[in-house]
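Throughout the sequence shown, residue numbering follows the UniProt record's numbering, covering 1 to 145 in sequence. The C-beta atom is built at its ideal place from N, Cα and C for all residues, glycine as well. To keep things clear, I will list the structure first and then write my remarks on it.
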Amino acid sequence: MRWTPQLSSNLRLLARRAVGMWLDIFIASLIPVLIYWLLIAVGSLADPNAGVYALTWATGILAFAYRVWCESQGRPSLGHNATKVEVIGSKDLATAAQRNAWILLMPIHDVVAFIVALGICIMVLFNRAHVGDIWARTTVIEREY
């Protein structure tokens, strides 16, 4: 495979989307982490290590809910806004849920590694479309200001 302007553009968009996702998950993880710290401080957790698994699930569910809510309202999430990425497609709840459904698999580490690898391959090789984008029939573009 040769280095082309299209490949360069795809890699740039991939990096922007990765940073945007990281920002959204960071924002969504604040609530479960604060609750977890509060429970540890109060001493109501019998085993603090068991709470880490619940914390991971809570982060995945909140990140999913945050991104679906933003996209279904027609507003960019903080990650999309900061990285100048825009989702082009239907602005309904079902499409947003389909596009972001893979986030619910976050706590299952082997599945996430496979999905991320598959998503990167598809995005780089086949014109910027992630698996969730193909499933929801949406397109993600770079916004220019």
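Give the secondary structure of residue i by DSSP, where H, G and I count as helix, E and B as strand, and everything else as coil.
i           : result
residue 31  : helix
residue 108 : coil
residue 16  : helix
residue 44  : coil
residue 3   : coil
residue 219 : One cannot answer for residue 219 here, as it falls past the ends of the chain, which runs 1 to 145.
residue 138 : coil
By the DSSP assignment, the alpha helix (DSSP H) with residue i in it spans what residues?
i           : result
residue 79  : 78–82
residue 73  : Careful: residue 73 lies outside any alpha helix (DSSP H) and carries neither H nor E.
residue 101 : First-last for residue 101: undefined, no H or E at that position.
Cα separation between residue i and residue j?
i          : j           : result
residue 2  : residue 9   : 13 angstroms
residue 7  : residue 59  : 33 angstroms
residue 91 : residue 100 : 13 angstroms
residue 76 : residue 33  : 24 angstroms
Can you name the start and end residues of the beta strand (DSSP E) that residue i belongs to?
i          : result
residue 88 : 85–88
For the putative contact between residue i and residue j, defined by C-beta atoms under 8 angstroms, what is the C-beta separation to the nearest angstrom?
i          : j          : result
residue 21 : residue 79 : 6 angstroms
residue 68 : residue 38 : Contact doesn't hold; Cβ gap of about 26 angstroms is too wide.
I'd like to know whether the C-beta atoms of residue i and residue j end up nearer to each other than 7 angstroms.
i          : j           : result
residue 83 : residue 137 : no
residue 85 : residue 71  : no
residue 64 : residue 30  : no
residue 28 : residue 62  : yes
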